[in-house]
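Enquirer: Dropping a structure here in structure tokens format, bear with me for questions.
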Amino acid sequence: MRRTALTWALALALLLALPPRLFAGPEVVASIAPVHSLVARVMQGAGRPHLLLPPGASPHHHALRPSDAAALERAALVFWVGPRLERWLTRSLTTLAAGARVVRLADAPGLTRLALRQGAVFAAHEHASEPDHDEAEIDPHLWLDPDNAKLWLDAIAAALAGADPARRALYLANAEAARAELDALAAEIEVRLAPVRGRPFVVLHDSFQYFERRFGIEAAGAVAPGDGRAPGPARIARIRDRIRALGPVCLFREPQLRSALAATVAAGAGARIALLDPLGAGLPPGPDLYPDLLRGLADSLADCLG
Ligand SMILES: [Zn+2]
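Under the numbering used here, the final residue of the sequence shown carries the number 309; numbering is consecutive throughout.
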């Protein structure tokens, strides 16, 4: 009897001595703002993830800040798309996040995966979705299909529940609510884009084919390829010819890319320049960023093409 009481007293003393952090949610890091937003949505009520890529930076080329390195060292969980997109993170995950569970969302089961489009000018319906496609050729901008994001919500909730079983029910309920929100948003976007379907447009960087395919619109070409490389003069000349042949089109640039390039391409080719933001660079990071970024894409397309 006395021994039991002593054991309990000891256990209580140990419990009180633990830092309060152990009672909070796990330390979670996310690579880019759209991923961070989905993770933040699933973590609502449990904590906030740390975002690595600051607004306005390119996900294809980046260098970590010291605060990011510290966050990776503390992390229990890290979410990223994968090495095809965030090559800059690959080494740091091995060296800094050795103690964390790293979730590569590009590998989530069931995703729509599209091959990188080739050339400056796209053939009509060039989209090829083949599960056995070489991993090296997959377009990494996977989050721009909200159906992919819904699958990521499941993967995120499962990983969080594994790291923090006490809040399993919260994570699963948040993910389920978020999936329903994305379904409603997709229906809203389909209505918004219906009047401009079939109108030609060109993009500065080939980031949007997941969004295009999901919502039945299609870019006629891209100045820069989808893997983040810079376009050469021959490619720029081809896209200018394409714009001239199409007549007045919208040329969509991105906040994180040099606007001078868009001006060069548009000059004399008769294109209107507008903005498409695939990362939510102009939006405050958090749970609302991802739906607001999809809504923003639909608004920009409808405004410029309408
Ligand atoms: Zn990109």
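Every residue, glycine too, gets a C-beta built ideally from N, C-alpha and C.
In this text the structure is predicted, and so the values were computed from the model without any measurement.
#1: Just the Cα atoms here: how many angstroms apart are Ala78 and Pro236?
#2: Applying the criterion that 16 or more other CB atoms from any shown protein chain within 10 Å of the CB defines a buried residue, is Pro22 buried or exposed?
#3: When every heavy atom of ligand 1 is checked, does at least one fall within less than 7 Å of the C-beta of Ser262?
#4: What do you get for Pro168, buried or exposed, if any count of 16 or more other CB atoms within 10 angstroms of its CB means buried?
#5: Could you give the distance in angstroms between the alpha-carbon of Val81 and the alpha-carbon of Ile246?
#6: Please determine whether the Cβ atom of Gly122 lies at a distance below 7 Å from any heavy atom of ligand 1.
#7: Is the segment 142-151 touching the segment 84-92 in the sense that three or more CB pairs, one from each, lie closer than 8 Å?
#8: May I ask you to report which of helix, strand or coil DSSP gives Gly165?
#9: Bridge partners for Gly224 per DSSP, in chain order?
#10: Check whether the segment 38-49 touches the segment 284-291, taking contact to mean three or more Cβ pairs, one atom from each stretch, closer than 8 Å.
#11: Once the 5 residues before and after Gly229 are set aside, which same chain residues still bring their CB inside 8 Å of it?
#12: Closer than 7 Å to a non-hydrogen atom of ligand 1 - does that hold for the CB of Gly224?
#13: Nearest by alpha-carbon distance to Ala233: which of Val194, Ala123 and Leu92 is it?
#14: Helix, strand or coil: how does DSSP classify Phe218 here?
#15: Give the C-beta separation of Ala166 and Pro29 to the nearest angstrom, bearing in mind that I take them to be a contact with Cβ-Cβ under 8 Å.
#16: Is there at least one non-hydrogen atom of ligand 1 closer than 7 Å to the beta-carbon of His208?
#17: Taking a contact to mean a Cβ-Cβ separation below 8 Å, would you say Asp71 touches Leu96 in this structure?
#18: Do Ala270 and Arg195 count as a contact pair if the criterion is CB distance below 8 Å?
#19: How about Ala265 and Arg256: do their beta carbons lie closer than 8 Å?
#20: Under DSSP, the beta strand (DSSP E) around Ile276 begins and ends at which residues?
#21: Taking the alpha carbon of Arg275 as the point to measure from, which residue in Ala301, Gly285, Pro294 and Arg243 has its own alpha carbon closest?
#22: Check this for me: beta carbons of Pro52 and Ala33, under 8 Å apart or not?
#23: In terms of DSSP beta bridges, what is Phe255 paired with?
#24: Can we count Pro86 as close to ligand 1, meaning its CB is less than 7 Å from some heavy atom?
#25: Can you determine whether any heavy atom of ligand 1 sits closer than 7 Å to the C-beta of Gly283, and answer yes or no?
#26: For Leu282, which of helix, strand or coil comes out of DSSP?
#27: Cβ of Gly229 versus every heavy atom of ligand 1: is any distance shorter than 7 Å?
Expert: Here's the rundown:
#1: Between Ala78 and Pro236, the C-alpha separation is close to 43 Å.
#2: Any reading at Pro22 is ruled out, since the residue's pLDDT is 48, under 50, leaving its predicted position unreliable.
#3: Not so, every heavy atom of ligand 1 lies at least 7 Å from the Cβ.
#4: By the Cβ neighbour-count rule, Pro168 is exposed, with fewer than 16 other Cβ atoms within 10 Å of its own.
#5: Near 42 Å, if we compare the C-alpha coordinates of Ile246 and Val81.
#6: It does not: the Cβ of Gly122 is nowhere closer than 7 Å to a heavy atom of ligand 1.
#7: A contact exists between the segment 84-92 and the segment 142-151.
#8: It is helical.
#9: Val124 and Val205, per the DSSP bridge assignment.
#10: Short answer: they touch.
#11: If we look at Gly229 and ignore the five residues flanking it on each side, its Cβ neighbours are Leu119, Arg120, Asp142, Pro143, His144, His208, Asp209, Ser210 and Gln212.
#12: No, Cβ of Gly224 sits at least 7 Å from all heavy atoms of ligand 1.
#13: Here the closest residue by C-alpha is Ala123.
#14: Phe218 sits in a helix when the DSSP states are folded into three classes.
#15: Between Pro29 and Ala166 the Cβ distance is about 5 Å, and since that is below 8 Å, they are a contact.
#16: Within the cutoff, so yes.
#17: The answer is no: Cβ separation not under 8 Å.
#18: Cβ distance not < 8 Å, so Arg195 and Ala270 don't count as in contact.
#19: With contacts defined by Cβ atoms closer than 8 Å, Ala265 and Arg256 form a contacting pair.
#20: Where Ile276 is concerned, the enclosing beta strand (DSSP E) starts and stops at Ala274 to Leu278.
#21: Among Ala301, Gly285, Pro294 and Arg243, the Cα nearest to that of Arg275 belongs to Arg243.
#22: Between Pro52 and Ala33, the gap from beta carbon to beta carbon is short of 8 Å.
#23: BP columns for Phe255 point to Val206 and Ala277.
#24: No; taking the cut-off as 7 Å, the Cβ of Pro86 has no heavy atom of ligand 1 nearer than that.
#25: No, the beta carbon of Gly283 sits no closer than 7 Å to any heavy atom of ligand 1.
#26: In the structure shown, Leu282 adopts coil according to DSSP, grouped into three states.
#27: Yes - ligand 1 has a heavy atom lying nearer than 7 Å to the Cβ of Gly229.
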